[in-house]
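792 is the number of the first residue of the sequence shown in our numbering; add one for each residue after it.
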Amino acid sequence: MTDNGRIALYLNHLEIGGAETIFIELARGFIELGFRVDFLLGEKRGALISKIPETARIIELGVSNAVSGIPKLAQYLRRENPSAFLTITELTSLAALTAKLISGVSTYMMIVLATTISRHKRAPLKKRLERFLVSLLYPKANGIVSVSHGAAEDLARYAGLPSEKIKVVYTPVIKPSLFAQMTEPIQHPFFQSDGAPVVLSVGRLSEPKNFQLLIEAFALLRQRIPSRLIVLGEGETRPILENLINALGVQNDVSLPGFVPSPYPYMNRASVFVMSSMWEGLPGALIEAMACGAPVVSTDCPSGPSEILDGGRYGHLVPMGDPRALADAIEASLRGDQRKPPEKWLEQFSTQVVVNQYLDLMGMKDATSL
């Protein structure tokens, strides 16, 4: 018998990332509406463990990869038979679909796509296998949700899925705590010194974020306007970025502080927020910066920025891979060409709106009605 008040969310871990953050916020929204939430984790690790709502149940599968977790997922589904089972990222979704088929339960299975799947790099053989399995198994889900129209169109092309099978629900980014946290004090010296404008970016130091482009653009900007750059985040490209910063001679005006628990005070105080990515799903940091009041500049990458900025109406969009165009847009923003959205536009990215859209798709309202 289905447990109509229980929703399960499956992830490999809770290291810091966009997919993990989405599920933390969905869990909070489900719990506020009276649902019981299970977090199924391959391994109970990651900086976001502490962000799981207190009333959520954590179930560790004790496996290092999604494939190894299939038998335990099937056992969980047979034992608990939750009303809904949500997964995110390609491999966990394929494993969860397999477990659902093995278990034979009636649980509503929803796949959430948080990235532009065709751009997600794997070795050529693994990428072909991924595409085959996605085409084979994704249609067996009860629902497929993409976080942007661009990512949905990409999945439809990539896997040969009917576009009407994929629903678009934006990321639950704007939450009440954001507004409380954005006014907290910060001690970074760039905000304490001579009042030079601060350019801010936030994200994992990784290839898709293309912070090399941002640093090159900043070096051009600095020749025109005295300014400083902060990039919050940690990742594997740090040595490359540090070498580039030194090579361009901007080491005194660029800061890579690493991960900070809350980027919102930085966003609230930044002169402009910049995203330089090569691809995204729906970039949450861009939305958060807008909610914190920062003017924004972004590459027009697939997928999400154009949708978030309404084609450039609410922020500058520039071509990918063009440092001069990026520098020009940052300069224009610093000189007063700031395109901020109305509050009404941002409501579509709020937790309350998004959680209700998920429940509607799953045929659920709130736990009190079950």
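C-beta atoms are modelled at their ideal positions from N, C-alpha and C, and glycine is treated no differently. Here the structure is a predicted model, which means the values were calculated and not measured.
Quiz item: What are the partner residues of Lys-958, as DSSP defines its beta bridges?
Solution: Val-936
Self-check item: Segment limits, beta strand (DSSP E) that includes Asp-829
Solution: 827-832
Quiz item: Any idea what DSSP makes of Leu-800, helix, strand or coil?
Solution: Leu-800 falls in the strand class under three-state DSSP.
Self-check item: Any non-hydrogen atom of the ligand HEM within 6 Å of Val-1145 CB
Solution: As far as ligands go, the structure on display features none, and thus does not contain the ligand HEM.
Self-check item: Identity of the residue in Glu-975, Val-990, Gln-1014, Ile-1031 nearest Asn-1001 by Cα
Solution: Looking at Glu-975, Val-990, Gln-1014, Ile-1031, the one whose alpha-carbon comes closest to that of Asn-1001 is Ile-1031.
Quiz item: Helix, strand or coil: which one does DSSP assign to Val-1087?
Solution: strand
Practice problem: Throw me the rounded Cβ distance for the Phe-1064 and Val-1087 pair, which I believe falls under 8 Å. | Solution: 5 Å
Quiz prompt | the region 999-1016 in contact with the region 1112-1122 per 3-pair CB rule at 8 Å | solution = yes
Exercise. Please state whether DSSP places Thr-898 in a helix, a strand or coil.
Key: coil
Self-check item: Whether Val-828 touches Leu-868 by CB criterion (7 Å)
Solution: no
Self-check item: Cβ neighbours of Thr-1159 in the same chain (closer than 7 Å, five flanking residues each side left out)
Solution: With a pLDDT of only 49 at Thr-1159, under the threshold of 50, the placement of this residue in the model should not be trusted; the figure read from the coordinates follows. Contacts found: Gly-825.
Practice problem: Taking Met-1066 as part of the alpha helix (DSSP H), name the residues at either end of that continuous run. | Solution: Met-1066 -> not in any alpha helix (DSSP H); beta strand (DSSP E) instead, spanning 1063-1066.
Quiz prompt | Backbone secondary structure at Ile-1016 - three-state DSSP | solution = coil
Quiz item: Which residues in the same chain as Trp-1070 place their Cβ atom closer than 6 Å to its Cβ, once the five residues preceding and following it in sequence are excluded?
Solution: Thr-907, Arg-910, Pro-999, Cys-1092, Pro-1093
Quiz item: If you run the structure through DSSP and keep just helix, strand and coil, what is Arg-913?
Solution: coil
Quiz prompt | Contact check, Glu-851 vs Lys-863, beta carbons under 7 Å | solution = For Glu-851 and Lys-863, no; Cβs fall outside 7 Å.
Quiz item: Ile-843 by DSSP, collapsed to three states: which one?
Solution: coil
Self-check item: Given Ser-874 as reference, the closest of Pro-1133, Ala-838, Lys-891 once Cα atoms are compared
Solution: Lys-891
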